[in-house]
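Here UniProt numbering is used: position 97 in the sequence shown is 97, and no number is missing along the way.
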Amino acid sequence: MTINVVVADDHPIVRYGIRRLLEEREMIQLVGEASNSSELVTLLAKAPCDILVTDFSMPGGHFKDGLFLIGYVRRYFPNIKIIVVTMLENLAILRGMLKLGVHSILSKLDEQSSIADIVCVVADGSRYIPAGLATRLHDSVVDDAEADASKLSGREVEVVRLFVSGLTISEIAFKLSRSVKTVSSQKTNAMRKLGLDRDVDLYHYATRTGIT
Numbered sequence: 001m002t003i004n005v006v007v008a009d010d011h012p013i014v015r016y017g018i019r020r021l022l023e024e025r026e027m028i029q030l031v032g033e034a035s036n037s038s039e040l041v042t043l044l045a046k047a048p049c050d051i052l053v054t055d056f057s058m059p060g061g062h063f064k065d066g067l068f069l070i071g072y073v074r075r076y077f078p079n080i081k082i083i084v085v086t087m088l089e090n091l092a093i094l095r096g097m098l099k100l101g102v103h104s105i106l107s108k109l110d111e112q113s114s115i116a117d118i119v120c121v122v123a124d125g126s127r128y129i130p131a132g133l134a135t136r137l138h139d140s141v142v143d144d145a146e147a148d149a150s151k152l153s154g155r156e157v158e159v160v161r162l163f164v165s166g167l168t169i170s171e172i173a174f175k176l177s178r179s180v181k182t183v184s185s186q187k188t189n190a191m192r193k194l195g196l197d198r199d200v201d202l203y204h205y206a207t208r209t210g211i212t
């Protein structure tokens, strides 16, 4: 059985590393790579793909990134199984990925030599969550910041993440194809839900919880 895989990450060296690890298995066929959401959606529309190995934060492209992009892929390419490789540690966002139907979440901080094995596990229809993350998701008491984060909508999370990355409200509106008024309201609503009054507090919150 051949497993067709697409790799998406905005860092060429990350794609190279994943490609080398996947090439160790004869049954895994890398059918393409993408560096942003536009390249990814175009590739998925024309290439046979069983597994998508993708970063969570991947700026650029018309289909955004993060939870929005994952939701888009799940909606328009429902047969493709998704493995997310990310630096994020915020439990609320990780839970959001799983709710959208992601089959595996791997940390870029962990050893990735077993990624080919994980691709095979996911291709067989199983979900793979590393033991450490599974324990945190199941047993840990979510702290107040993470509990607050779970109150945010996916659109609010995207606005907060882009804002703390340095983009202005106008730049975010252009990137997300929303009006300036809508983006401003989503930022204001997010800060209200989080109990934050100042932009500097939003920066600190995002750094602490991993929404960056």
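C-beta atoms are modelled at their ideal positions from N, C-alpha and C, and glycine is treated no differently.
In this text, all values refer to a predicted model and were calculated from it rather than measured experimentally.
Tell me which same chain residues have a C-beta within less than 8 Å of the C-beta of L21, skipping the five on either side of it?
The residue given as residue 21 occupies position 21 in the sequence shown. Excluding positions up to five away in sequence, the list reads Q112, S113, I115, A116.
Would DSSP call Q112 helix, strand or coil?
Residue mapping note: residue 112 aligns to position 112 of the sequence shown, counting from 1. DSSP places Q112 in coil when its eight states are reduced to three.
With I70 as the anchor, note down where its alpha helix (DSSP H) starts and where it stops.
The sequence position of residue 70 within the sequence shown is 70, counting from 1. From DSSP, the alpha helix (DSSP H) with I70 extends over 66-76.
Give me the Cα-Cα distance between L40 and E156, rounded to the nearest whole angstrom.
Residue mapping note: residue 40 aligns to position 40 of the sequence shown, counting from 1. Residue mapping note: residue 156 aligns to position 156 of the sequence shown, counting from 1. If you take the alpha carbons of L40 and E156, they lie about 24 Å apart.
Report the partner residues of N4 according to the DSSP bridge assignment.
Residue mapping note: residue 4 aligns to position 4 of the sequence shown, counting from 1. Looking at the DSSP assignment, N4 forms a beta bridge with Q29.
Starting from L88, trace the beta strand (DSSP E) in both directions and tell me its first and last residue.
Translated into the one-based positions of the sequence shown, residue 88 becomes position 88. Taken as a continuous stretch (DSSP letters only), L88 belongs to no beta strand (DSSP E), as it is neither H nor E.
Determine, using beta-carbon pairs with one atom in the stretch 5-15 and one in the stretch 26-46, whether at least three such pairs fall under 8 Å.
Yes: at least three Cβ pairs fall under 8 Å.
Which full runs of the alpha helix (DSSP H) of 4+ residues lie inside the UniProt domain "HTH luxR-type" (145-210), going along the chain?
Taking only runs of at least 4 residues, the alpha helix (DSSP H) segments lying wholly in the UniProt domain "HTH luxR-type" (145-210) are 154-164, 169-176, 180-194, 199-209.
Quick one: what's got a C-beta closer than 6 Å to M87's C-beta in the same chain, skipping five residues either side?
Mapped onto the sequence shown, residue 87 falls at position 87. Once the five neighbours on either side are set aside, the close Cβ partners of M87 are K108.
Expressed to the nearest angstrom, what Euclidean distance is found between the alpha-carbon atoms of H134 and T209?
For the purposes of this step, residue 134 is taken as residue 134 along the sequence shown, with counting starting at 1. For the purposes of this step, residue 209 is taken as residue 209 along the sequence shown, with counting starting at 1. For the record, residue 134 in the displayed sequence is Ala; it is not His. Taking the straight line from one Cα to the other gives about 18 Å.
Counting beta carbon pairs with one atom in the stretch 70-85 and one in the stretch 98-106, are three or more of them shorter than 8 Å?
With the cut-off at 8 Å, the stretch 98-106 and the stretch 70-85 touch.
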